[in-house]
Each structure stands twice: as structure tokens, then as C-alpha cells.
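Asks: Before I ask anything, here is the structure I am working with.
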Amino acid sequence: MTEAPTNAAARELIAFRIGEQEFCVDIMSVREIRGWTPATPLPRAPGYMKGVINLRGAVLPIIDLGARFGLRTSEPTARHVIMVAHIGGRMVGLLVDAVSDIIQLDDGAVQPTPDVASEEVRAFVKGIFALEGRMVSLVDLGLILPPAEAEAA
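Structure below.
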């Protein structure tokens, strides 16, 4: 018999890529995944804020996760996707290169973020785990927006 996750610590995650790096977030935070739609820029917005789009009559702010994580970013193309996520009571679009997988993970498989990582990295990454020979970082969506911006989004 295979080991099926039976405890409350098992959960489903959505894996996505930014450049060559792979990240994941809790699947319960993601409402939908959609293709890239050009965003309308907002004046004086932070560099990681691509702008806003109209999502079925609602204004949805778009955050470039690569820029937010301090990674190299590229101009979005039709191949990029927007993960519509629920963050701190708000709906936000997260721009990523691609969604790659749905992962079932036991919390015991997650290792702490290494001490050599900067405080900024540890602010976003809750832990790291190995999956089929690759390293995947578990992202805490609650920390993507600074508190003041989370209220303004």
C-alpha cells in the first residue's frame, strides 16, 4: 500500500516558475490561473506593481513576483500567466512565468530557509523542499504586500 497523506499537515500546493527557479503556494489561496493581460500602469507605484486589469468588472492589481522577490524580470509575453490569489482579504494578480505542477506535500518534508539567506528572502520563503531532484521554495503569500500596500491594493 502506498503512503497516502492522512494527517492534517498534508496539503496541496501550486508550483510555478520565475526564471529558472521554482516556487509554490498553498492551492487554497489561488482562485484562478489566467493568461497574461496587459496591465494599466499606476502612477508612482512600486517597481514590482505592473498595474491593474479589469477582472469581470473588478479592478485587480498585478504584482510581478519576480520583481517582488528581487529576481531578474522580463517583459510579460503571451506565455506568462497571472495567478489570481486571495491575500489578506484582497484579490491580487501574481505575474509568473508559468504554472508547472500541483504538488501534494507533507509539512514534514519542508526544510527551514537556510540561515545564509537574507532577511528579505526569509520574509517571503517559509521553507524549501526537494521534489524529483529539484528544489522548490514555499512562499508565504501573506507577506507579498507590505501591510500599508495590502490595505491600499
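Those letters in the sequence shown? Residues 1 to 153, per UniProt numbering, in order.
Think of the CB as a built atom: it goes at the ideal place given N, C-alpha and C, for glycine as much as any other residue.
Nearest-angstrom Cα distance between residue 49 and residue 40?
Replies: 10 Å
Asks: Extract the residue ranges of the beta strand (DSSP E) inside the UniProt domain "CheW-like" (10 to 150), only unbroken runs of 3 or more that lie entirely within it.
Replies: 10 to 18, 21 to 26, 30 to 35, 49 to 55, 58 to 64, 81 to 87, 90 to 96, 98 to 106, 125 to 131 and 134 to 139
Asks: Drop a sphere of 10 angstroms on the beta-carbon of residue 28, count the other beta-carbons inside from all chains shown, and report buried for 16 or more, exposed for fewer.
Replies: Looking at its Cβ environment, which holds fewer than 16 other Cβ atoms inside 10 Å, residue 28 is exposed.
Asks: Taking the C-alpha atoms as reference points, what is the distance between residue 18 and residue 83?
Replies: 13 Å
Asks: In whole angstroms, what is the alpha-carbon distance linking residue 11 and residue 105?
Replies: 6 Å
Asks: Should residue 128 and residue 94 be called a contact, given that it needs their Cβ atoms to be closer than 7 Å?
Replies: no
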